[in-house]
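S.K.: Sending over a structure as structure tokens; questions will come in a sec.
Protein chains in written order, with the working numbering: chain A, 1 to 292; chain B, 293 to 683.
What follows is the structure, given as structure tokens:
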């Protein structure tokens, strides 16, 4: 556990949630792993030629094709008689996973490849400068869904990719947050121990994109879970088999400490939006039975 | 020798190369190739991982992942499928992955059209893939075996696409001689990658490169392309020694030695042109052919050398760089620049499956004759058999 397979010296911001996610994922997987990454913040910060933060074999091809590349790695190992050599893990952001790469991901899940796909969810296109993705939450101001005189920011809720992944009938789907490192490590270990396609979505706050101090990454991550805006659960063979119970906090506690939601606190319409966000949290709590 | 469909001839050659991984998505007129390979896998004749992907983009991406892991890979596509692969093609070449692909050459939409021309491969000209074009089913089949040998050479390590004209070659039944497994095993050693994804030596592939080194990476790909010119010629000779068949190196010539007029073209139209040339020769016309087998790397030197004694050349393009001219014509003129070479004329023809017959070729020859006599070629690029009624 002491071994760092995601090496220090990468170019991530201080307090980068994605880098913490990568470090925890590799602590869960150990060194016998091949990692595939799509284009994104993690790829850029970890691989400035001729340096690399990856102490495990790693490949980046393009933005939307990581799941297909991983499929290729998997069948190659099989064909070459090297299947026992390594587990295969994709580590990609929400833009690469939930938006542009959803087709290849669906193909990989449907074909049953023995790959663990991990999405680090920082809820926008951070690498290109904080543009809205389909994983951006309702009410968040981004550079392409900015709050303005007639806008309260993003007007749609997060796309529910764990549910879409589960609908493929895959053996294991899980969510986690970097705020709970042991849970991330445990879920990665569990995922790679299961044969077939697995999907994990790890909430990874982005200090730069969300607008908070880099020392608060874990705190913010915890608030997302404690407000029920990012529910933590596992789906095994199509059934919810575990949830992280919480002593629930109001969503304002989470919203008020981030620049991306700050505009909501300044107007009557913003107040309406906060109510809507509370409704989303309430629905999550009810759906998964989150309340202690 | 056996009569078989061109697609089957290609599939048989693929089988003989024992690819580890095949990934394909169906698109007309490539389908018979991937169906035949599927059957081989289903019958246990070919032991390969066959990935039935959800798009051509993923077909090429699976090949990228598999090839980077050290596997020999194959795919086939055409037209829109190749266009969808576009960025992955550049990526595969940049990662120096020796993937081999058949392109059942077809036009691009719009308007949608499923028939043959070369726009699909021409539009991927700058991708870093070696581009070969085949004249008949036998050549399309044999070039698969040669392609792996070229691609996997440690001095090259570049992907290769082999064009075979959609329907005209993919669906034609011709006498084909298949290569025996034993001879192919002897000719083509197992793929021996220099670097690949393995826990035994954890390397990073596809890292981000800054302005201070990007040019150097592109230069290295370009250098490998230039080295491929020699390799393609050498492998063609080695293949001849082993299997007794030869199609030329980067180019081939037909009745070219004393020709006043040379027709330059790629693909199956060469067969038609040969028949037309035979008839024209019997009428005393000094006409010959330069068959361009390799489009990238571009055989500029070979083209200059083979055309230097001709009075004129007629370049046939089954593609159009809209707003300019046929791509082969542009490249040929560029090769001839400053060489005091023959008068060059460009003809765009055979788009979207428009038939090219002996008469078409003879009409072009007649036009070229006129130009030779007057010294003037009126239209820079001529659209052959343009139907003014439709316009």
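Glycine included, each C-beta is placed from N, C-alpha and C at the ideal position.
Could you pull the start and end residues of the alpha helix (DSSP H) that residue 284 of chain A belongs to?
M.R.: Within the first chain, residue 284 of chain A is the residue found at index 284, counting from 1. Unbroken alpha helix (DSSP H) run through residue 284 of chain A: 268–288.
S.K.: Please check if any C-beta of chain B sits within less than 9 Å of the C-beta of residue 73 of chain A.
M.R.: Numbered from 1 along the first chain, position 73 holds the residue referred to as residue 73 of chain A. With 9 Å as the cut-off, residue 73 of chain A counts as an interface residue toward chain B.
S.K.: When you compare each of B:563, B:579, B:539 to residue 548 of chain B by their alpha carbons, which one comes out closest?
M.R.: As a first step, residue 548 of chain B must be located in the second chain, where it is residue number 256. Ranking B:563, B:579, B:539 by Cα distance to residue 548 of chain B puts B:579 first.
S.K.: Does DSSP classify residue 699 of chain B as helix, strand or coil?
M.R.: Missing from the structure shown is residue 699 of chain B; chain B here goes from 293 to 683 and no further.
S.K.: Alpha carbon to alpha carbon, how far is residue 174 of chain A from residue 393 of chain B?
M.R.: Looking up residue 174 of chain A in the first chain gives position 174. Looking up residue 393 of chain B in the second chain gives position 101. Taking the straight line from one Cα to the other gives about 38 Å.
S.K.: Is the region 346–354 of chain B touching the region 408–419 of chain B, taking contact as three or more C-beta pairs under 8 Å?
M.R.: The answer is no - the region 408–419 of chain B does not touch the region 346–354 of chain B, with fewer than three Cβ pairs under 8 Å.
S.K.: Less than 9 Å between the C-beta atoms of residue 318 of chain B and residue 363 of chain B, yes or no?
M.R.: What you label residue 318 of chain B is simply residue 26 of the second chain in a count that begins at 1. What you label residue 363 of chain B is simply residue 71 of the second chain in a count that begins at 1. Not in contact: residue 318 of chain B and residue 363 of chain B (Cβ atoms no closer than 9 Å).
S.K.: Within the continuous beta strand (DSSP E) that includes residue 468 of chain B, where are the two ends?
M.R.: Counted from its first residue, the second chain places residue 468 of chain B at position 176. It spans 465–468 - the beta strand (DSSP E) in which residue 468 of chain B sits, taken as one unbroken run.
S.K.: What is the DSSP secondary structure of residue 303 of chain A, counted as helix, strand or coil?
M.R.: Any property of residue 303 of chain A remains undetermined from this structure, which presents chain A solely from 1 to 292.
S.K.: For residue 500 of chain B, decide whether its Cβ has a neighbour in chain A, counting only Cβ atoms nearer than 9 Å.
M.R.: Here the question's residue 500 of chain B lines up with position 208 in the second chain. So yes, residue 500 of chain B belongs to the interface.
S.K.: When you compare each of A:269, A:56, A:62 to residue 317 of chain A by their alpha carbons, which one comes out closest?
M.R.: Because residue 317 of chain A is not part of the residues shown, which for chain A are 1 to 292, the question remains open.
S.K.: Could you check how far apart the C-beta atoms of residue 603 of chain B and residue 581 of chain B are, in whole angstroms? I think they sit under 8 Å.
M.R.: The residue given as residue 603 of chain B occupies position 311 in the second chain. The residue given as residue 581 of chain B occupies position 289 in the second chain. Actually they are not in contact, since the Cβ atoms of residue 603 of chain B and residue 581 of chain B sit about 15 Å apart, beyond 8 Å.
S.K.: In the region 427–490 of chain B, which residue ranges form an unbroken beta strand (DSSP E) of at least 3 residues, counting only runs that do not cross its ends?
M.R.: Entirely contained in the region 427–490 of chain B, the beta strand (DSSP E) runs reaching 3 residues are, in chain order, 452–457, 465–468.
S.K.: Could you tell me whether the Cβ of residue 44 of chain A comes closer than 9 Å to any Cβ of chain B?
M.R.: Within the first chain, numbered from 1, the residue matching residue 44 of chain A stands at position 44. Yes, contact with chain B.
S.K.: For residue 48 of chain A, go through chain B and note every residue whose CB falls closer than 9 Å to its CB, in chain order.
M.R.: Counting from one through the first chain, the residue named residue 48 of chain A turns up at place 48. Those within 9 Å of residue 48 of chain A in chain B are 499, 500, 501, 502.
S.K.: Output yes if chain A places a C-beta closer than 9 Å to the C-beta of residue 357 of chain B; else output no.
M.R.: For the purposes of this step, residue 357 of chain B is identified with residue 65 of the second chain, where counting begins at 1. So yes, residue 357 of chain B belongs to the interface.
S.K.: Report the residue from B:369, B:594, B:499 whose alpha carbon sits nearest the alpha carbon of residue 462 of chain B.
M.R.: Here residue 462 of chain B refers to the residue found at position 170 of the second chain. Comparing Cα positions, the closest option is B:369.
S.K.: Anything in chain B within Cβ reach of residue 83 of chain A, meaning under 8 Å, just list it in chain order.
M.R.: Position 83 of the first chain holds residue 83 of chain A. Neighbours of residue 83 of chain A on chain B: none; closest Cβ ~11 Å, over 8 Å.
S.K.: Beta-carbon of residue 62 of chain A versus every beta-carbon of chain B: anything under 9 Å?
M.R.: Position 62 of the first chain, counted from the first residue, corresponds to residue 62 of chain A. At least one chain B Cβ lies under 9 Å of residue 62 of chain A.
S.K.: Let me know the secondary structure DSSP gives residue 414 of chain B once reduced to three states.
M.R.: Numbered from 1 along the second chain, position 122 holds the residue referred to as residue 414 of chain B. DSSP places residue 414 of chain B in helix when its eight states are reduced to three.
S.K.: Just to confirm, are residue 374 of chain B and residue 395 of chain B a CB contact at a threshold of 9 Å?
M.R.: To locate residue 374 of chain B, count along the second chain from 1; it is residue 82. To locate residue 395 of chain B, count along the second chain from 1; it is residue 103. A contact, by the Cβ cut-off of 9 Å.
S.K.: Using a Cβ-Cβ cut-off of less than 8 Å, list which residues of the region 91–110 of chain A approach chain B; keep chain order.
M.R.: Listed by position along the chain: 103, 104, 106, 107, 110.
S.K.: On the criterion of 16 or more Cβ atoms from any shown chain inside 10 Å, does residue 10 of chain A qualify as buried, or is it exposed?
M.R.: Translated into the one-based positions of the first chain, residue 10 of chain A becomes position 10. Looking at its Cβ environment, which holds 16 or more other Cβ atoms inside 10 Å, residue 10 of chain A is buried.
S.K.: Going along chain B in order, which residues have a C-beta closer than 7 Å to the C-beta of residue 65 of chain A?
M.R.: To locate residue 65 of chain A, count along the first chain from 1; it is residue 65. 349, 350, 353, 380, listed in chain order.
S.K.: Would you kindly work out how many angstroms separate the C-alpha atoms of residue 197 of chain A and residue 103 of chain A, rounded to a whole number?
M.R.: Residue mapping note: residue 197 of chain A aligns to position 197 of the first chain, counting from 1. Residue mapping note: residue 103 of chain A aligns to position 103 of the first chain, counting from 1. The alpha-carbon atoms of residue 197 of chain A and residue 103 of chain A are separated by roughly 15 Å.
S.K.: Return the CA-CA distance between residue 653 of chain B and residue 568 of chain B, expressed in angstroms with no decimal places.
M.R.: Position 361 of the second chain holds residue 653 of chain B. Position 276 of the second chain holds residue 568 of chain B. C-alpha separation (whole angstroms): 7 Å.
S.K.: For residue 739 of chain B versus residue 408 of chain B, is the C-beta distance shorter than 9 Å?
M.R.: No answer is possible for residue 739 of chain B: it lies beyond the span of chain B, which begins at 293 and ends at 683.
S.K.: State yes or no: is the beta carbon of residue 449 of chain B nearer than 9 Å to at least one beta carbon in chain A?
M.R.: Position 157 of the second chain, counted from the start, is the residue given in the question as residue 449 of chain B. No, no contact with chain A.
S.K.: So the alpha helix (DSSP H) residue 599 of chain B belongs to, where does it begin and stop?
M.R.: Numbered from 1 along the second chain, position 307 holds the residue referred to as residue 599 of chain B. Taken as a continuous stretch (DSSP letters only), the alpha helix (DSSP H) holding residue 599 of chain B covers 592–599.
S.K.: Tell me the rounded alpha-carbon separation between residue 423 of chain B and residue 367 of chain B.
M.R.: Residue numbering aside, residue 423 of chain B sits at position 131 when the second chain is read from its first letter. Residue numbering aside, residue 367 of chain B sits at position 75 when the second chain is read from its first letter. Looking at the two C-alpha atoms, the distance is approximately 15 Å.
S.K.: To the nearest angstrom, report how far apart residue 106 of chain A and residue 154 of chain A are at their CA atoms.
M.R.: In the first chain, the residue the question calls residue 106 of chain A occupies position 106. In the first chain, the residue the question calls residue 154 of chain A occupies position 154. Going from the Cα of residue 106 of chain A to the Cα of residue 154 of chain A covers about 26 Å.
S.K.: Here's the rule I'm using: 16 or more other beta-carbon atoms within 10 Å means buried, otherwise exposed. How should residue 675 of chain B be labelled?
M.R.: As a first step, residue 675 of chain B must be located in the second chain, where it is residue number 383. Classification of residue 675 of chain B: exposed, given that the 10 Å Cβ count is below 16.
S.K.: Anyone know if the C-beta pair for residue 69 of chain A and residue 89 of chain A falls short of 9 Å?
M.R.: To locate residue 69 of chain A, count along the first chain from 1; it is residue 69. To locate residue 89 of chain A, count along the first chain from 1; it is residue 89. The answer is no: Cβ separation not under 9 Å.
S.K.: Indicate whether at least one CB of chain A lies closer than 9 Å to the CB of residue 326 of chain B.
M.R.: By one-based count along the second chain, residue 326 of chain B stands at place 34. Residue 326 of chain B does not count as touching chain A.
S.K.: Based on Cα-Cα distance, which residue from B:333, B:614, B:584, B:628 lies nearest to residue 262 of chain B?
M.R.: A query on residue 262 of chain B cannot be resolved here, the shown segment of chain B reaching from 293 to 683 and no further.
S.K.: Against residue 505 of chain B, what residues of chain A qualify as contacts under a CB-to-CB distance less than 9 Å, listed in chain order?
M.R.: What you label residue 505 of chain B is simply residue 213 of the second chain in a count that begins at 1. In chain order: 49, 50.
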